[in-house]
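Below you'll find the structure, written out as structure tokens, and then a few comments.
Protein chains in written order, with my numbering: chain A, 187 to 278; chain B, 125 to 606.
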């Protein structure tokens, strides 16, 4: 006697997302730095910004409204449309 | 027209599909059986003109194939007095001749044996829609465990469990569970975090079965999930945080007693089915439908046993004060569930205070240690006050608001003692908070007082909250819709 049960999961199969090509150089690249609004994340990002500028990158800073929630869609879109790569800083 | 009754009264019926070599092979046999007057109908799953017989009936909607449980084609079913008395699958010449009591169904040289093919009605792609249309009415995929498999073990292996055993969610159990609500099983209630996928009542019912709920608990589970799956409650954040928090729930209104919830002795502990399984059903739904699993989006450093599911009821009958839901504007006949982003319960002992003032001061200092004594205002709390503690206030004529205000007032501290580095402790408020007087909790709703617990014990219990408000999570009370 077999047992049949109903699937408790969403049954959603997500399509794999291709990883974008690696940046070949920082020189001339637009790099986004995303501050998640958690204490001291800015300290890390300030240091990174200096290093990135020395390497010739164009640095753009972004801030999430709160670290407790996913970044809003508009912010994600802004980053994706303006940057070749993004670095998100955790904190504490 | 209802030809089904005659067809399935006495005689034979066959189920075939053209895309099956064995069905093609036995076309002359079916023709012969039809000539003999033994075959009432041939149900064809993929071509209404195959086989080319007068008795061929289109079953491309697979209704009859599904309803008769056809797993293999060809299948030959025998009926007597409207009851199926036997069936053959595939082709074995001698078996068919015996079954049909006809020794000359085909020539001597006819192929003796050919196995059948899978019926379209058991195709994994089609089965859920057939089940929904012609079967249980449920649309979820059916997962079949072999006879030799232990279904409880298999459910662990599939990753459906929170670590405790699950009740197998069979169609029968899920249908019974759905009797607990008037909502349609395919109603989409919310978008469930963290993956933000549609959450149907059916998926909630499946997870409620697995959690061990009874059907009469389902409306609470549904309403709690509706309250949890909002941007304001921010379940994604509760999962993603390294802090040990989950949706803590408590229930007000007559439904508490109707379903036998515990609001008395050991109300936060084990032993009551409703208390133990409602919160678990909410968490299993977030895990299985939303995809929020420990080690995945759930990044808790330590977590808490309360994250298996924490749900309790307020003791409205024993309370000297209006219930929590009444304080939120609901009537005593309305059923509500309050969802709060919280940790596990922690005891605050005071066996010596006799006056309301000294006990309020004592409870305040107990609550100050929530999260960290030097961190204030960012987090709310639930105080589950015991009958013996509540009596100290009620006997002195204090209302619940009086108690709430007194605790918050008694929790006010000089921020010079709370800033970073003060008292030799690095943790604390930023330095620019120095020179202020601040309470532990915001006065406008930072402390929720709920009455409950056993008759003996000069204790109350603190349930510490997570980041409150727009930057974190907003707790909420929702009326339970049956």
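Where is the CB? At the ideal position from N, CA and C, for every residue including glycine.
Fair warning: this is a prediction, and the values are worked out from it, not measured in the lab.
Here's the rule: buried if 16 or more other CB atoms are within 10 angstroms of the residue's CB, otherwise exposed. What is residue 126 (chain B)? Note that residue 126 (chain B) scores 48 on pLDDT, short of 50, meaning its location in the model is unreliable; the coordinates nonetheless yield the value given after this. Using a 10 angstroms sphere on the CB of residue 126 (chain B), the tally of other CB atoms stays under 16, which defines it as exposed.
Would you report the Cα separation of residue 348 (chain B) and residue 201 (chain B), rounded to the nearest angstrom? Approximately 49 angstroms between the Cα atoms of the pair.
Is residue 585 (chain B) closer than 8 angstroms to residue 463 (chain B) when the C-beta atoms are compared? No, the Cβ-Cβ distance between residue 463 (chain B) and residue 585 (chain B) is not below 8 angstroms.
DSSP-derived helix/strand/coil call for residue 238 (chain B): Reduced to three states, the DSSP call for residue 238 (chain B) is strand.
Tell me the residue span of the beta strand (DSSP E) that contains residue 500 (chain B). Counting along the chain, residue 500 (chain B) falls outside any beta strand (DSSP E), and DSSP gives it neither H nor E.
Can you give the Cα-Cα distance for residue 268 (chain B) and residue 293 (chain B), rounded to whole angstroms? Just so you know, the alpha carbons of residue 268 (chain B) and residue 293 (chain B) end up roughly 11 angstroms apart.
When DSSP builds the beta bridges, which residues end up paired with residue 435 (chain B)? Answer by DSSP bridge pairing, in chain order: B:373.
Can you give me, in chain order, the residues of the region 355-375 of chain B that have a beta carbon less than 8 angstroms from any beta carbon in chain A? Sequence-ordered contacts of the region 355-375 of chain B with chain A read 355, 358, 360, 361, 364 and 365 [C-beta pairs closer than 8 angstroms].
Which residues share a DSSP beta bridge with residue 267 (chain B)? Paired residue(s): A:191.
May I ask you to report which of helix, strand or coil DSSP gives residue 297 (chain B)? Helix, per DSSP.
Is residue 188 (chain A) close to chain B? Criterion is C-beta to C-beta, closer than 8 angstroms. For residue 188 (chain A), the closest Cβ of chain B is nearer than 8 angstroms.
Whose C-beta lies closer than 6 angstroms to the C-beta of residue 570 (chain B) among residues of the same chain, with five residues either side of it excluded? Around residue 570 (chain B): 504.
Tell me which same chain residues have a C-beta within less than 6 angstroms of the C-beta of residue 227 (chain B), skipping the five on either side of it? So the list reads 221, once near-sequence residues are dropped.
Chain-ordered residues of the region 222-250 of chain A with a beta carbon less than 7 angstroms from chain B: Taking 7 angstroms as the Cβ-Cβ cut-off against chain B, none of the residues of the region 222-250 of chain A qualify.
Give the residues from the region 576-598 of chain B that approach chain A closer than 7 angstroms (Cβ to any Cβ), ordered along the chain. Closer than 7 angstroms at the C-beta level to chain A, one finds these residues of the region 576-598 of chain B: 591, 595 and 596.
For residue 222 (chain B), which three-state DSSP category applies? If DSSP states are grouped into helix, strand and coil, residue 222 (chain B) belongs with the helices.
Once you ignore the five residues that flank residue 538 (chain B) on each side, which residues in its own chain have a CB closer than 7 angstroms to its CB? Once the five neighbours on either side are set aside, the close Cβ partners of residue 538 (chain B) are 561.
Would residue 600 (chain B) count as contacting chain A if we go by Cβ distances under 8 angstroms? For residue 600 (chain B), the answer is no, since every Cβ of chain A falls outside 8 angstroms of its Cβ.
Assuming residue 163 (chain B) contacts residue 136 (chain B) (C-beta within less than 8 angstroms), just tell me the rounded distance between them. With 8 angstroms as the limit, residue 163 (chain B) and residue 136 (chain B) qualify as a contact, their Cβ atoms being about 5 angstroms apart.
Taking Cβ to Cβ, would you say residue 272 (chain B) is nearer than 8 angstroms to residue 187 (chain A)? Result no, Cβ atoms of residue 272 (chain B) and residue 187 (chain A) do not sit closer than 8 angstroms.
Using a Cβ-Cβ cut-off of less than 7 angstroms, give me the residues of the region 466-489 of chain B that come near chain A, in sequence order. Per Cβ criterion, the list is empty.
What are the start and end residues of the beta strand (DSSP E) that includes residue 211 (chain B)? 207-213 is the span of the beta strand (DSSP E), which, as asked, contains residue 211 (chain B).
For residue 362 (chain B), which residues of its own chain have a beta-carbon under 8 angstroms away from its beta-carbon, when the five flanking residues on both sides are left out? Counting only Cβ-Cβ distances below 8 angstroms, and skipping sequence neighbours, we find 369, 370, 371, 465, 590 and 597.
Could you check which residue in B:544, B:151, B:528 and B:218 has the C-alpha nearest to that of residue 499 (chain B)? Nearest option by C-alpha distance: B:544.
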